[in-house]
Amino acid sequence: MTTPLYPPLPRGELSGEEAEDVKTCPFCKSDVEIKKISHVHKWGDEYYLFENVKAEVCRQCGEVFFSPEILKLMDEYVKGKKSSEKTVCIPVIKMPDLAVA
Ligand SMILES: [Zn+2]
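For the record, in the sequence shown the residue sitting at position 4 is 1401 according to my numbering, with numbers rising by one throughout.
Dropping the structure here:
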């Protein structure tokens, strides 16, 4: 069985139609399920919150995968071709460096 592998968050330049369906996680080989999630997309210093994003989420490790068309759509929103519905303020909290046992 070959698993089409594409990185979790590639940036832009998606042209091909390859890797349409990810059925297993390339990292842990577990099943993925299609879910609607909220996703924060970082673009430079800006963050974009996408809601109702169709994604494939690994049942085991929680890794999230987006189809090329979803990534392309997110790119279009980020680049301002499509306007957002609302803007929310996101508190940014810098966590202290804790010694992790
Ligand atoms: Zn996984």
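Every residue gets a Cβ at the ideal spot worked out from N, C-alpha and C, and that includes glycine.
Since we're looking at a predicted model, the values are computed, not measured.
Residues sharing a beta bridge with residue i, DSSP
i	result
S1452	With the sequence shown as reference, residue 1452 is identified as Ala, and Ser is not the correct amino acid for it. Answer by DSSP bridge pairing, in chain order: K1432.
V1437	L1446
8 angstroms CB neighbourhood of residue i in its chain, flanking five on each side removed
i	result
V1461	P1405, I1434, H1436, A1452, E1453, V1454, C1455
V1485	L1446
Residue j beta carbon less than 9 angstroms from that of residue i
i	j	result
F1463	V1450	yes
Y1444	M1471	no
Environment of residue i [buried if 16+ CB atoms lie within 10 Å]
i	result
G1409	Bear in mind that the predicted position of G1409 carries a pLDDT of just 45, short of 50, making it too unreliable to give a figure here.
S1412	Here the model assigns S1412 a pLDDT of 42, short of 50, so the residue's position is not dependable, and the following value carries that caveat. Exposed.
L1468	buried
Residues near residue i in its chain [Cβ-Cβ closer than 6 angstroms; skip 5 each side]
i	result
C1425	Q1457, C1458
Beta-carbon proximity list for residue i, same chain, < 7 angstroms, skipping 5 on both sides
i	result
I1487	Y1444
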